[in-house]
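See below for the structure under consideration.
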Amino acid sequence: MSTSSESPAPTSMAERRTSERDRSDRDRDRSDRDRPGATLAEAAAPKTPTIVLPAATTTGIWLPGARDPHRGYIATSPVREAAAAGFDILADQLPPVPLTADRSEGRWGADAIGRAVGLLTELHVDCTSYGWRLTSSAGKDERLEDSALIEAFDAIAEYCQARPGQVQISLPGPWTLVTALSLSSGARVLGDHGARRDVVQAYAYGIAAFTDRIASLGMQPTVRLVESRLTPVLTGTWPTVSGWASLPAISEAQVWAALESTLRHLPPTVLALPNLDPLHLQGKEIPAAEAVRRTGARSVSVPLDSLRPHSWEQLAILAEAGLGTWIHLPSSAGGRPDAVNHWCERIRTPWSRIGMGVASLREFGIIAGPELPMTYPPLLEDQQGIGPETNRGTMTIAAGLRRALEEIE
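The structure is reproduced here in structure tokens:
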């Protein structure tokens, strides 16, 4: 797996404007149709996106959880129900939020790590009392999850009706996945160089194959990688299995190389971080913008609630460098009667305070809803008040906020 530190040249903010993208897409489609010798299949094939569009024109999907074997007839399975409900929401052209089926009787495909391990190529994983571990062969649960994934693709093909436009696949980042896995001996994968390398490579290839299959259904997949554990990996504060000690820090070179190598295999990707705080490594302070650039990411997402004055400055540096900038709204975003105006001011005021022109806010992407479910239960859990209608309301607020940002003069 290549670990070159070279990254593609950033795209300017002006080049990312929606009108220019739409015009170039139309011209490309026209040239493809007019090209001598172009077949009907080539003309009809979905275009691979080169950038992640802002949230107002992006939809989101999270594959449903596994079918409950006690539900019987396939038409009543959570997979089909989730696909039907999910694409009903996505039909409104609302911003992306991960979607999953309802409770799956504790099946390990119901959370984000469970979904991620199901994408590892040529590696096998089992769920034990102390968490996830690598195994030498596929067990019963893994085979059942593979079967459920096939069923999920069938349901998506049935309900998506060859939807045009982008869909965003939300998944844990490679280092988040590495921290969640153990070797068959029980030792952490994070502490084994060869195991880390194998997991990162298998995950990159698995996501690439996954998005290729989504593309084969007529959609244009983009990826959102949620990296919530970079700081403990880099600073050597991730605990051992016993919890009484910490694993050694992974060098910055290895962390950046693995992220860059993963991103190189994927379609356009948003790197989701928990904050834009500086990293303190070996007595040095590395600004967040520099750390993000080292990953080779082309777009970055951060929660609005995590942004402090210095964080807005780092976000401005990234925006001026041509990276796509996304703001993640809290789950309660739609709870206020003046929600759109409220969140618009929450973004415009600090952005203006650091000297940035408000017109540049038109380039911001907005993502809605809760983060990935890193543990069971899955996101759409009615007992917690996070059901499809709640997500629909949150996404509606986010779509309204995107329109308000686009209209700022």
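Taking our numbering, the leading residue of the sequence shown gets 193, the next gets one more, and so forth.
In this text, a Cβ means the ideal position worked out from N, Cα and C, and glycines have one as well.
Please read all numbers here as calculations on a predicted model, not as lab measurements.
Asked, Found
"CA-to-CA distance, G398 to Q474, given in whole angstroms", "34 Å"
"Residue burial classification, D284 (beta-carbon count within 10 angstroms, cutoff 16)", "exposed"
"Among W436, V425, V244 and T432, nearest to A445 - alpha-carbon criterion", "V425"
"Host beta strand (DSSP E) of L358 (start-end)", "Position check: residue 358 holds Gln in this sequence, whereas Leu was assumed. Here the beta strand (DSSP E) through Q358 covers Q358 to P364."
"Given I546 as reference, the closest of G514, S339 and A508 once Cα atoms are compared", "A508"
"Every unbroken beta strand (DSSP E) within the region 503-561, with a cutoff of 3 residues, ordered by chain", "516-520 and 557-559"
"CB of T414 within 8 Å of CB of E452, strictly", "no"
"Heavy atom of the ligand NAD within 7 Å of V391 beta-carbon", "Within the structure as shown, the ligand NAD is missing, as the structure has no ligands at all."
"At least three beta-carbon pairs within less than 8 Å, the region 430-443 to the region 324-340", "no"
"Per-residue burial, T403 [other beta carbons within 10 Å of its own, 16 or more giving buried]", "buried"
"E419 classed as buried or exposed, judged by whether at least 16 other C-beta atoms fall within 10 angstroms", "buried"
"Straight-line Cα distance separating G526 from T179", "In the structure as shown, the chain begins at 193 and stops at 601. Residue 179 is therefore absent and cannot be evaluated."
"Exposure of H520, with buried meaning 16 or more beta-carbon neighbours within 10 Å", "buried"
"Which listed residue (N533, A464, L510 and A511) has its alpha carbon closest to that of I559", "A464"
"Coarse secondary structure for A464, derived from DSSP in three states", "strand"
"Inter-residue CB distance, P246 and G561 (contact presumed, cutoff 8 Å)", "Rounded, the Cβ-Cβ distance is 16 Å, inconsistent with contact."
"Exposure label - E599; buried when at least 16 CB within 10 Å", "exposed"
"Check whether A372 and T313 have beta carbons under 8 Å apart", "no"
"Endpoints, the beta strand (DSSP E) within which R416 is located", "Q412 to V418"
"L341 versus P366, A308, S321 and T327, residue with shortest Cα-Cα distance", "A308"
"Backbone CA spacing between G549 and W543 [nearest angstrom]", "8 Å"
"Which of helix, strand or coil DSSP assigns to G306", "helix"
"Where R485 falls: helix, strand or coil (DSSP)", "helix"
"Where the alpha helix (DSSP H) through T403 begins and ends", "H385 to S408"
"Reference S498; option with closest CA among G514, R485, N467 and F279", "N467"
"Residue interval of the beta strand (DSSP E) (run including L458)", "Premise fails: L458 is in no beta strand (DSSP E) and is neither H nor E."
"DSSP beta-bridge partners of R380", "S374"
"Proximity below 8 Å, CB of L326 to CB of L375", "yes"
"Assigned secondary structure, T320 (DSSP; H/G/I helix, E/B strand, else coil)", "strand"
"C-alpha distance - V359 paired with G410, whole-angstrom precision", "10 Å"
"Top-ranked residue by Cα proximity to Y395, from G428, S339, L315 and D384", "L315"
"Identity of the residues DSSP links to K476 by a beta bridge", "L473"
"Proximity below 8 Å, CB of A489 to CB of L455", "yes"
"Residue closest to V492, alpha-carbon to alpha-carbon, out of G365, E537, A304 and V317", "G365"
"Paired residues, beta bridge with P501 - DSSP", "Its beta-bridge partners do not exist; DSSP assigns none."
"Beta-carbon proximity check, I361 vs I406, cutoff 8 Å", "yes"
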